[in-house]
Each structure stands twice: as C-alpha cells, then as structure tokens.
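For reference, the structure discussed in these notes is given below.
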Amino acid sequence: MDGVHDMGGMHGFGAIPIDDGYRPFHEPWQAQAFALAVSLIEADKIQWNEWAETLGDEIARATEHGIAGDGSGYYELWLRALERLVTNKGLVETGELSDLESAWRKAYHDTPHGQPVSLDMTT
Numbered sequence: 653m654d655g656v657h658d659m660g661g662m663h664g665f666g667a668i669p670i671d672d673g674y675r676p677f678h679e680p681w682q683a684q685a686f687a688l689a690v691s692l693i694e695a696d697k698i699q700w701n702e703w704a705e706t707l708g709d710e711i712a713r714a715t716e717h718g719i720a721g722d723g724s725g726y727y728e729l730w731l732r733a734l735e736r737l738v739t740n741k742g743l744v745e746t747g748e749l750s751d752l753e754s755a756w757r758k759a760y761h762d763t764p765h766g767q768p769v770s771l772d773m774t775t
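Here it is as structure tokens:
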C-alpha cells in the first residue's frame, strides 16, 4: 500500500508495519486504569480536555525528574492523573484513596504467590 492514509498523510512510505506480538497493556491493572479513565470521561465525571491536561502535566513532571523515559511507567502516570482528577473534583476523598491503597497492599501480601489478588469490600 502506498496511499496517503497509509503513513501519516505522506506518500511513499508504505503501510505502517504491524507487530503481531504487540500488547498495549503488559499488566491487567494497566488495562483497568485505561478503562477507568475512559469510563469517567464517558460518564461526564471528567472532561477530555481536563484528562489530557492532567496526564500531560504528570508526564512533564516525570520527565523533569528523569522518571521512566523509556515509557515503562506510563500507566503509573495515568494513575497519578486519575488520582489528582477524582480528588480535585471531589469524586473521592484523599483518605479513601490512601485506605484503598493500604487495603490492596495488604491483600497483595496476604495472597499466595500465583493466585489472583482480590479485595474483600464487605469488611
């Protein structure tokens, strides 16, 4: 293929190579962070421009501090951006996030190796 839409609107580059082994998410939590951001935008809890600005700010902060320039920490930046937005908008209290983080950390440490980690929200 050599059409204008095959490679960034320019002729002569051919089709974009497809890597059959490409995985956009390397861990389940990364897909969950992605889905949460999309769900919050679709539910009008946050606006697309707020999301883009906040995520961009987190990426800029990480870049300034030399954190994960290779992209390995990309979805951690998604989490930071999500935390900022949901607390700034009053959708969740900072203390709630800290409590949940502690509960997940405990669940992780209490779960036998190789087993899925789950959080019992009934207690």
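Mapping of the sequence shown onto the working numbering: residues 653 to 775, in sequence order. Ideal placement from N, C-alpha and C gives every residue a C-beta, glycine not left out. Here the structure is a predicted model, which means the values were calculated and not measured.
- prompt: L731 to A667, Cα distance in whole Å?
  reply: 34 Å
- request: Please go through the same chain and pick out, in chain order, the residues whose beta-carbon is closer than 7 Å to the beta-carbon of T763, but skip the five residues on each side of it.
  value: V769
message: Here's the rule: buried if 16 or more other CB atoms are within 10 angstroms of the residue's CB, otherwise exposed. What is I698?
response: buried
Boundaries (first-last residue) of the alpha helix (DSSP H) holding D709: W700 to E716
query: Would E694 be called buried (16 or more neighbouring beta carbons within 10 Å of its own) or exposed?
result: exposed
query: By the 10 Å Cβ neighbour count, where 16 or more other Cβ atoms means buried, how is L771 classified, buried or exposed?
result: exposed
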